[in-house]
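Numbering (this note's numbering), first residue to last: 40 to 331.
By construction, the Cβ of each residue, glycine as well, lies at the ideal position given by its N, Cα and C atoms.
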Amino acid sequence: MNIIKGQHLTGERALFKARGLRVENCRFDEGESPLKESRDIEVTNTVFGWRYPLWYDEHVSVKGSAFIETARAGIWYSNDVELIDCSFDAPKGIRKCHNVRLSHVQMPHADETLWWCEDVRVEDVSVTGDYFLQGSRDIYVKNLHLSGKYSFDGCTNLVVEDSRLITKDAFWNCENVVVRNCFIVSEYLAWNARNVTFENCIIQSLQGLCYVSGLTLRSCDLMDTDLAFEYCSDVDAELRTPVVSVKNPLNGRIVAPSIGEIIFDDPEVNPCNTAILQTERREPFVCLCRAV
């Protein structure tokens with residue numbers, strides 16, 4: 040493997056179509072696409088300071104390096120990419136990539152990052168930015184600290200574990216989602232999603248968990264959550280905390296210590312299709328069907 044060490048590289052396509060190259064202690068500046076169309080690349084202790092550094096690449100490992108804010112749209116259309124112990128400060132960072140692995144990465148300006156990717160693994164990552172992980176599939180996330188709106192929109196086959204998510208409108212339009220051991224603050228959580236499971240999570244949501252088809256909650260806390268479950272079908276919810284209010288679930292089962300208000304105000308929704316049990320009150324919700 041060839042080695043480039045301790046250089047300040049400028050100009051467009053500075054290392055275009057590199058093969059079998061190790062880049063150490065370098066800086067890329069004032070030139071787009073420095074490693075475009077490259078293969079089998081190892082980068083360590085290097086700073087990327089300009090746009091489009093890793094496009095159309097394969098088999099790239101970046102360790103202990105930084106993508107500063109001017110390195111916009113850093114990694115697109117690439118395959119087999121890993122970032123370890125990196126700072127990624129630029130928006131629109133990773134798109135249309137396959138087999139992406141992020142470990143111990145800081146992403147303070149991650150707007151519109153990780154869009155339309157496949158086979159993604161994110162572990163021990165901190166993210167600030169809107170629209171994180173949009174339209175991606177086959178994703179595993181562990182120990183993510185996220186602050187930003189509209190995360191995970193339109194994802195398929197997603198597992199999130201041991202994470203802290205402060206994010207409006209999370210998990211919209213998703214399919215096949217499992218969320219475990221997470222703390223979530225999210226208005227309008229998981230609307231228009233299919234096959235979504237939350238296990239051992241603490242959730243705070245305004246009008247969350249609505250329009251979901253196939254919703255499961257196991258040993259979850261719904262803190263200060265109101266107007267939940269509206270137009271949800273196939274609900275199976277076992278909750279550890281009281282719920283402020285439940286509104287118009289279509290069918291299923293909801294178990295909670297207590298529910299402040301149970302609302303059925305849509306004449307097309309049959310209350311008898313949803314079994315509601317308030318364990319602290321030791322009484323079921325009584326369906327009073329009416330002709331419509």
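For residue 49, the enclosing beta strand (DSSP E) starts and ends at 47-49. DSSP, read as helix, strand or coil, puts residue 65 in coil. Going by C-alpha positions, residue 204 is about 29 Å away from residue 90.
Taken through DSSP and simplified to helix, strand or coil, residue 311 comes out as helix.
Leaving aside the five residues that flank residue 87 on each side, the residues in its chain whose CB is nearer than 6 Å to its CB run, in chain order, 67, 106, 110. At the C-beta level, residue 208 and residue 227 come within 8 Å of one another. By the 16-neighbour rule on beta-carbons within 10 angstroms, residue 225 is buried.
A straight line joining the alpha-carbon of residue 76 with that of residue 134 spans about 15 Å. DSSP, reduced to helix, strand and coil, places residue 166 within a strand of the structure shown. Per DSSP, residue 78 is one residue of the beta strand (DSSP E) stretching across 78-83. With fewer than 16 other CB atoms across the displayed protein chains lying within 10 angstroms of its CB, residue 304 is exposed. Contact between residue 296 and residue 271 does not hold, since the beta-carbon distance rounds to 20 Å and is not under 8 Å. The beta carbon of residue 50 is closer than 7 Å to those of 70 in its chain, skipping five residues each way along the sequence. For the options 163, 197, 174, the alpha carbon positioned closest to that of residue 182 is the one of 163. Boundaries of the beta strand (DSSP E) around residue 238: 233-238.
Here the alpha carbons of residue 286 and residue 306 stand approximately 12 Å from one another.
Taking all protein chains shown into account, residue 311 has fewer than 16 neighbouring C-beta atoms within 10 Å of its C-beta and is therefore exposed. In this structure residue 80 is buried. Its beta-carbon is surrounded by 16 or more other beta-carbon atoms within 10 angstroms. In the three-state DSSP reduction, residue 146 falls in the strand class (E or B). If you draw a straight line from the Cα of residue 293 to the Cα of residue 210, it is about 21 Å long. With contacts defined as CB atoms closer than 8 Å, residue 146 and residue 175 fail to qualify as a contacting pair. DSSP, reduced to helix, strand and coil, places residue 128 outside both helices and strands of the structure shown, so it counts as coil. Where residue 197 is concerned, the enclosing beta strand (DSSP E) starts and stops at 195-200. Around the beta carbon of residue 56, fewer than 16 other beta carbons sit within 10 angstroms, so the residue counts as exposed. Residue burial annotation: residue 131 is buried, with at least 16 other C-beta atoms found within 10 angstroms of its C-beta.
Residue 138 places its beta carbon 8 Å or farther from that of residue 169. In the three-state reduction of the DSSP assignment, residue 112 falls in the coil class, being assigned neither a helical nor a strand state. Using a Cβ distance threshold of 8 Å, residue 259 and residue 240 count as a contacting pair.
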